[in-house]
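Residue numbers (my numbering): 831 to 1140.
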(Lines of atoms letter the chains of each structure in order from A and count residues from 1; the text may use other names and numbers.)
(Lines give C-alpha, C1' and ligand atoms only; values in the text may rest on other atoms or scores of the structure.)
Protein backbone atom coordinates (compact mmCIF):
# COMPACT_ATOMS: atom_id res chain seq x y z
CA UNK A 1 0.00 0.00 0.00
CA UNK A 2 2.77 2.46 0.91
CA UNK A 3 4.63 1.81 -2.35
CA UNK A 4 1.44 2.32 -4.35
CA UNK A 5 0.67 5.62 -2.63
CA UNK A 6 4.22 6.86 -3.19
CA UNK A 7 3.99 6.11 -6.92
CA UNK A 8 0.61 7.81 -7.18
CA UNK A 9 1.81 10.82 -5.19
CA UNK A 10 4.76 11.28 -7.54
CA UNK A 11 2.51 11.18 -10.61
CA UNK A 12 0.09 13.68 -9.06
CA UNK A 13 3.11 15.81 -8.11
CA UNK A 14 4.05 15.94 -11.81
CA UNK A 15 0.75 17.70 -12.45
CA UNK A 16 1.24 20.02 -9.48
CA UNK A 17 4.74 20.84 -10.72
CA UNK A 18 3.38 21.63 -14.18
CA UNK A 19 1.02 24.16 -12.56
CA UNK A 20 3.99 25.97 -11.07
CA UNK A 21 6.34 25.83 -14.07
CA UNK A 22 3.99 25.97 -17.10
CA UNK A 23 6.53 24.42 -19.55
CA UNK A 24 6.35 25.69 -23.15
CA UNK A 25 3.96 28.37 -21.95
CA UNK A 26 1.16 25.82 -21.47
CA UNK A 27 -0.92 26.59 -18.39
CA UNK A 28 -2.32 23.91 -16.09
CA UNK A 29 -5.82 24.59 -17.42
CA UNK A 30 -4.81 24.18 -21.06
CA UNK A 31 -2.82 21.02 -20.39
CA UNK A 32 -5.53 19.51 -18.21
CA UNK A 33 -8.21 20.04 -20.85
CA UNK A 34 -6.10 18.32 -23.51
CA UNK A 35 -5.12 15.40 -21.26
CA UNK A 36 -8.65 14.95 -19.92
CA UNK A 37 -10.17 15.03 -23.41
CA UNK A 38 -7.57 12.55 -24.71
CA UNK A 39 -8.30 10.15 -21.85
CA UNK A 40 -12.07 10.63 -21.91
CA UNK A 41 -12.61 10.33 -25.67
CA UNK A 42 -10.00 7.72 -26.60
CA UNK A 43 -8.10 5.95 -23.85
CA UNK A 44 -10.88 5.35 -21.31
CA UNK A 45 -13.37 4.00 -23.89
CA UNK A 46 -10.61 1.65 -25.09
CA UNK A 47 -10.08 0.40 -21.54
CA UNK A 48 -13.82 0.01 -20.96
CA UNK A 49 -14.17 -2.02 -24.16
CA UNK A 50 -11.17 -4.20 -23.31
CA UNK A 51 -12.32 -4.94 -19.76
CA UNK A 52 -16.09 -5.36 -20.17
CA UNK A 53 -15.82 -7.44 -23.35
CA UNK A 54 -14.20 -10.25 -21.38
CA UNK A 55 -15.60 -9.49 -17.89
CA UNK A 56 -17.93 -11.74 -15.92
CA UNK A 57 -21.15 -9.75 -16.38
CA UNK A 58 -24.23 -11.01 -14.58
CA UNK A 59 -25.78 -10.81 -11.13
CA UNK A 60 -22.60 -9.26 -9.75
CA UNK A 61 -23.04 -6.32 -12.10
CA UNK A 62 -26.48 -5.69 -10.64
CA UNK A 63 -24.96 -5.76 -7.16
CA UNK A 64 -22.29 -3.23 -8.15
CA UNK A 65 -25.03 -0.99 -9.51
CA UNK A 66 -27.15 -1.33 -6.38
CA UNK A 67 -24.20 -0.63 -4.10
CA UNK A 68 -22.96 2.34 -6.12
CA UNK A 69 -26.35 3.98 -6.64
CA UNK A 70 -27.34 3.55 -2.97
CA UNK A 71 -24.13 5.09 -1.63
CA UNK A 72 -23.90 7.98 -4.09
CA UNK A 73 -27.55 9.00 -3.73
CA UNK A 74 -27.30 8.69 0.07
CA UNK A 75 -24.32 11.04 0.07
CA UNK A 76 -26.17 13.56 -2.09
CA UNK A 77 -29.26 13.33 0.12
CA UNK A 78 -27.17 13.77 3.26
CA UNK A 79 -25.58 16.96 1.90
CA UNK A 80 -28.99 18.23 0.82
CA UNK A 81 -30.32 17.80 4.37
CA UNK A 82 -27.27 19.45 5.95
CA UNK A 83 -27.41 22.33 3.48
CA UNK A 84 -31.05 23.04 4.18
CA UNK A 85 -30.55 22.81 7.94
CA UNK A 86 -27.78 25.42 7.81
CA UNK A 87 -29.43 27.56 5.09
CA UNK A 88 -26.51 27.28 2.65
CA UNK A 89 -27.23 29.36 -0.45
CA UNK A 90 -28.03 27.68 -3.77
CA UNK A 91 -24.77 27.93 -5.76
CA UNK A 92 -22.75 26.72 -2.77
CA UNK A 93 -25.17 23.92 -1.87
CA UNK A 94 -25.36 22.68 -5.45
CA UNK A 95 -21.56 22.48 -5.62
CA UNK A 96 -21.37 20.67 -2.26
CA UNK A 97 -24.03 18.11 -3.23
CA UNK A 98 -22.10 17.31 -6.42
CA UNK A 99 -18.88 17.07 -4.37
CA UNK A 100 -20.22 14.03 -2.50
CA UNK A 101 -19.86 11.92 -5.68
CA UNK A 102 -16.72 9.76 -5.53
CA UNK A 103 -13.80 9.92 -7.93
CA UNK A 104 -14.30 6.29 -8.90
CA UNK A 105 -12.28 6.45 -12.12
CA UNK A 106 -9.56 9.09 -12.04
CA UNK A 107 -8.28 8.07 -8.59
CA UNK A 108 -10.12 4.84 -7.81
CA UNK A 109 -9.03 3.04 -10.97
CA UNK A 110 -5.26 3.61 -10.71
CA UNK A 111 -5.13 3.04 -6.95
CA UNK A 112 -7.25 -0.11 -6.84
CA UNK A 113 -5.60 -1.57 -9.93
CA UNK A 114 -2.26 -1.26 -8.15
CA UNK A 115 -3.66 -2.84 -4.97
CA UNK A 116 -5.76 -5.65 -6.43
CA UNK A 117 -4.42 -6.13 -9.96
CA UNK A 118 -6.32 -6.30 -13.25
CA UNK A 119 -9.33 -7.81 -11.49
CA UNK A 120 -10.06 -4.43 -9.92
CA UNK A 121 -10.46 -2.79 -13.33
CA UNK A 122 -13.62 -4.75 -14.07
CA UNK A 123 -15.22 -3.81 -10.74
CA UNK A 124 -14.27 -0.12 -10.98
CA UNK A 125 -15.43 0.23 -14.58
CA UNK A 126 -18.77 -1.44 -13.80
CA UNK A 127 -19.33 0.81 -10.76
CA UNK A 128 -18.53 3.80 -12.96
CA UNK A 129 -20.50 2.71 -16.06
CA UNK A 130 -23.59 1.39 -14.27
CA UNK A 131 -23.82 3.75 -11.26
CA UNK A 132 -21.57 6.83 -11.01
CA UNK A 133 -21.69 8.08 -14.61
CA UNK A 134 -25.46 7.59 -15.14
CA UNK A 135 -26.18 9.45 -11.88
CA UNK A 136 -23.91 12.38 -12.72
CA UNK A 137 -25.24 12.70 -16.28
CA UNK A 138 -28.88 12.76 -15.14
CA UNK A 139 -29.42 13.62 -11.46
CA UNK A 140 -26.14 15.55 -11.32
CA UNK A 141 -27.22 17.84 -14.16
CA UNK A 142 -30.66 18.26 -12.56
CA UNK A 143 -29.02 19.38 -9.30
CA UNK A 144 -26.72 21.78 -11.12
CA UNK A 145 -29.63 23.31 -13.06
CA UNK A 146 -31.77 23.63 -9.93
CA UNK A 147 -29.19 25.40 -7.78
CA UNK A 148 -27.39 27.24 -10.57
CA UNK A 149 -28.37 29.19 -13.64
CA UNK A 150 -29.12 27.34 -16.87
CA UNK A 151 -29.30 29.11 -20.22
CA UNK A 152 -32.67 28.98 -21.95
CA UNK A 153 -31.21 27.04 -24.86
CA UNK A 154 -29.58 24.49 -22.56
CA UNK A 155 -31.36 21.13 -23.00
CA UNK A 156 -33.04 19.57 -20.01
CA UNK A 157 -31.31 16.50 -18.60
CA UNK A 158 -32.61 13.11 -19.60
CA UNK A 159 -31.45 9.55 -20.02
CA UNK A 160 -30.32 10.58 -23.51
CA UNK A 161 -27.53 12.61 -21.88
CA UNK A 162 -25.73 9.30 -21.42
CA UNK A 163 -25.36 9.08 -25.20
CA UNK A 164 -22.97 12.04 -25.05
CA UNK A 165 -20.51 10.02 -22.93
CA UNK A 166 -17.99 8.02 -25.03
CA UNK A 167 -17.24 5.56 -22.17
CA UNK A 168 -20.96 4.78 -22.06
CA UNK A 169 -21.02 3.95 -25.78
CA UNK A 170 -18.00 1.75 -25.25
CA UNK A 171 -19.61 0.02 -22.26
CA UNK A 172 -22.82 -0.64 -24.20
CA UNK A 173 -20.90 -2.16 -27.13
CA UNK A 174 -18.71 -4.23 -24.81
CA UNK A 175 -21.67 -5.62 -22.85
CA UNK A 176 -23.50 -6.51 -26.09
CA UNK A 177 -20.44 -8.33 -27.45
CA UNK A 178 -19.88 -10.06 -24.11
CA UNK A 179 -23.45 -11.28 -23.64
CA UNK A 180 -23.63 -12.52 -27.24
CA UNK A 181 -20.47 -14.57 -26.80
CA UNK A 182 -18.53 -12.84 -29.59
CA UNK A 183 -14.84 -13.56 -29.14
CA UNK A 184 -12.41 -10.66 -29.07
CA UNK A 185 -9.75 -10.79 -31.84
CA UNK A 186 -6.26 -10.98 -30.38
CA UNK A 187 -4.97 -8.10 -32.51
CA UNK A 188 -7.80 -5.83 -31.35
CA UNK A 189 -7.38 -6.72 -27.69
CA UNK A 190 -3.67 -6.06 -28.01
CA UNK A 191 -4.35 -2.60 -29.41
CA UNK A 192 -6.94 -1.84 -26.72
CA UNK A 193 -4.50 -2.98 -24.03
CA UNK A 194 -1.77 -0.68 -25.30
CA UNK A 195 -4.19 2.25 -25.18
CA UNK A 196 -5.42 1.21 -21.73
CA UNK A 197 -1.93 1.20 -20.24
CA UNK A 198 -1.71 4.99 -20.65
CA UNK A 199 -4.93 5.69 -18.74
CA UNK A 200 -3.59 5.44 -15.19
CA UNK A 201 -0.55 7.76 -15.37
CA UNK A 202 -2.36 10.38 -17.46
CA UNK A 203 -5.35 10.37 -15.09
CA UNK A 204 -3.09 10.98 -12.11
CA UNK A 205 -1.14 13.76 -13.82
CA UNK A 206 -4.47 15.36 -14.80
CA UNK A 207 -5.53 15.15 -11.15
CA UNK A 208 -2.39 17.02 -10.13
CA UNK A 209 -3.19 19.67 -12.71
CA UNK A 210 -6.71 20.03 -11.26
CA UNK A 211 -5.81 20.56 -7.60
CA UNK A 212 -6.31 24.17 -6.56
CA UNK A 213 -4.38 25.01 -3.41
CA UNK A 214 -5.00 28.75 -3.75
CA UNK A 215 -8.75 28.26 -3.40
CA UNK A 216 -8.39 26.90 0.14
CA UNK A 217 -9.29 29.54 2.71
CA UNK A 218 -10.54 29.55 6.33
CA UNK A 219 -13.94 30.79 5.10
CA UNK A 220 -14.39 27.81 2.76
CA UNK A 221 -13.41 25.03 5.16
CA UNK A 222 -16.63 25.05 7.30
CA UNK A 223 -18.66 24.47 4.13
CA UNK A 224 -16.46 21.53 3.15
CA UNK A 225 -16.61 19.77 6.54
CA UNK A 226 -19.97 18.04 5.82
CA UNK A 227 -18.58 16.77 2.50
CA UNK A 228 -15.54 15.37 4.31
CA UNK A 229 -17.73 13.63 6.90
CA UNK A 230 -20.10 12.19 4.30
CA UNK A 231 -17.50 11.34 1.67
CA UNK A 232 -14.66 9.96 3.77
CA UNK A 233 -16.57 8.47 6.73
CA UNK A 234 -20.29 7.84 6.34
CA UNK A 235 -20.35 6.64 2.72
CA UNK A 236 -17.66 3.97 3.32
CA UNK A 237 -19.57 2.80 6.40
CA UNK A 238 -22.77 2.54 4.35
CA UNK A 239 -20.92 0.70 1.56
CA UNK A 240 -19.48 -1.80 4.06
CA UNK A 241 -22.91 -2.37 5.62
CA UNK A 242 -24.62 -2.92 2.26
CA UNK A 243 -21.82 -5.11 0.89
CA UNK A 244 -22.21 -7.53 3.78
CA UNK A 245 -25.68 -8.38 2.45
CA UNK A 246 -24.66 -8.76 -1.21
CA UNK A 247 -23.51 -12.01 -2.81
CA UNK A 248 -20.06 -11.10 -4.12
CA UNK A 249 -16.53 -12.38 -3.82
CA UNK A 250 -14.64 -10.84 -0.89
CA UNK A 251 -12.11 -9.16 -3.16
CA UNK A 252 -14.83 -7.66 -5.35
CA UNK A 253 -16.56 -6.32 -2.25
CA UNK A 254 -13.36 -4.68 -1.05
CA UNK A 255 -12.69 -3.07 -4.43
CA UNK A 256 -16.26 -1.72 -4.70
CA UNK A 257 -16.22 -0.35 -1.14
CA UNK A 258 -12.86 1.36 -1.54
CA UNK A 259 -13.93 2.77 -4.91
CA UNK A 260 -16.91 4.44 -3.25
CA UNK A 261 -14.61 5.75 -0.48
CA UNK A 262 -12.64 7.83 -2.98
CA UNK A 263 -12.57 11.66 -2.70
CA UNK A 264 -14.76 14.08 -4.64
CA UNK A 265 -14.87 13.49 -8.38
CA UNK A 266 -13.41 15.94 -10.90
CA UNK A 267 -16.34 16.00 -13.35
CA UNK A 268 -18.42 18.18 -11.04
CA UNK A 269 -16.27 21.24 -11.71
CA UNK A 270 -17.50 21.16 -15.32
CA UNK A 271 -21.08 21.41 -14.09
CA UNK A 272 -20.14 24.18 -11.65
CA UNK A 273 -18.65 26.25 -14.46
CA UNK A 274 -21.47 25.55 -16.88
CA UNK A 275 -24.34 26.25 -14.46
CA UNK A 276 -22.60 28.98 -12.43
CA UNK A 277 -22.35 27.12 -9.16
CA UNK A 278 -19.55 27.94 -6.70
CA UNK A 279 -16.58 26.50 -8.65
CA UNK A 280 -14.07 27.76 -6.08
CA UNK A 281 -15.81 25.90 -3.27
CA UNK A 282 -15.99 22.75 -5.38
CA UNK A 283 -12.24 23.04 -6.05
CA UNK A 284 -11.64 23.27 -2.30
CA UNK A 285 -13.73 20.12 -1.72
CA UNK A 286 -11.78 18.20 -4.38
CA UNK A 287 -8.40 19.36 -3.10
CA UNK A 288 -9.11 18.74 0.59
CA UNK A 289 -10.79 15.34 0.15
CA UNK A 290 -8.07 14.20 -2.25
CA UNK A 291 -5.40 15.17 0.27
CA UNK A 292 -7.25 13.44 3.12
CA UNK A 293 -7.75 10.33 0.98
CA UNK A 294 -4.08 9.48 1.43
CA UNK A 295 -4.93 8.95 5.11
CA UNK A 296 -8.52 7.70 4.91
CA UNK A 297 -8.20 5.21 2.05
CA UNK A 298 -5.33 3.27 3.71
CA UNK A 299 -7.44 3.17 6.89
CA UNK A 300 -10.47 1.77 5.05
CA UNK A 301 -8.23 -0.62 3.12
CA UNK A 302 -6.93 -2.07 6.37
CA UNK A 303 -10.45 -2.25 7.78
CA UNK A 304 -12.04 -4.09 4.85
CA UNK A 305 -9.09 -6.49 4.67
CA UNK A 306 -9.82 -7.53 8.27
CA UNK A 307 -13.59 -7.50 7.72
CA UNK A 308 -13.84 -9.57 4.54
CA UNK A 309 -10.73 -11.75 4.47
CA UNK A 310 -10.49 -14.74 6.83
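A virtual CB, placed ideally from N, CA and C, is assigned to each residue, including glycine. In this text the structure is predicted, and so the values were computed from the model without any measurement.
Counting along the chain, the unbroken alpha helix (DSSP H) around residue 836 starts and ends at 832-851.
Judged by pairs of C-beta atoms under 8 Å, the region 926-935 touches the region 1090-1100, as three or more such pairs exist. Residue 995 and residue 897 have their alpha carbons spaced roughly 22 Å apart. Using a C-beta cut-off of 8 Å, the region 831-847 makes no contact with the region 967-979, since fewer than three inter-stretch Cβ pairs fall below that distance.
With contacts defined by Cβ atoms closer than 8 Å, residue 1064 and residue 908 form a contacting pair. According to DSSP, residue 932 shares a beta bridge with 1094.
The region 950-959 and the region 1110-1125 do not touch, with fewer than three beta-carbon pairs separated by less than 8 Å.
DSSP places residue 908 in the uninterrupted alpha helix (DSSP H) bounded by 889-915.
Pairing residue 1139 with residue 1080 gives a Cβ-Cβ distance under 8 Å. The continuous alpha helix (DSSP H) containing residue 976 extends over residues 971-977. Rounded to the nearest whole angstrom, the CA to CA distance from residue 874 to residue 997 is 6 Å. DSSP, reduced to helix, strand and coil, places residue 955 within a helical segment of the structure shown. Contact between the region 1034-1044 and the region 899-914 is absent: fewer than three C-beta pairs spanning the two stretches fall below 8 Å.
Taking each of 927, 1005, 928 in turn and checking the Cα distance to residue 960, the smallest one comes out for 1005.
Assignment of beta strand (DSSP E) within the region 1015-1075, counting only whole runs of 3 or more residues, yields no such run. In this structure, the alpha-carbon of residue 1083 lies about 15 Å from that of residue 887.
Apart from sequence neighbours up to five positions away, the residues of its chain that approach residue 1070 with a beta-carbon distance below 8 Å are 1087, 1133, 1134, 1137, ordered along the chain. The beta carbons of residue 1102 and residue 1094 sit no closer together than 8 Å. Under the Cβ criterion (8 Å, minimum of three pairs), the region 1011-1024 counts as touching the region 870-884.
Following the DSSP letters along the chain, one finds residue 1011 in no alpha helix (DSSP H), marked with neither H nor E. Straight through space, the alpha carbons of residue 1068 and residue 901 are spaced by roughly 7 Å. Comparing alpha carbon positions, the residue from 868, 1044, 1011, 899 closest to residue 850 is 1044.
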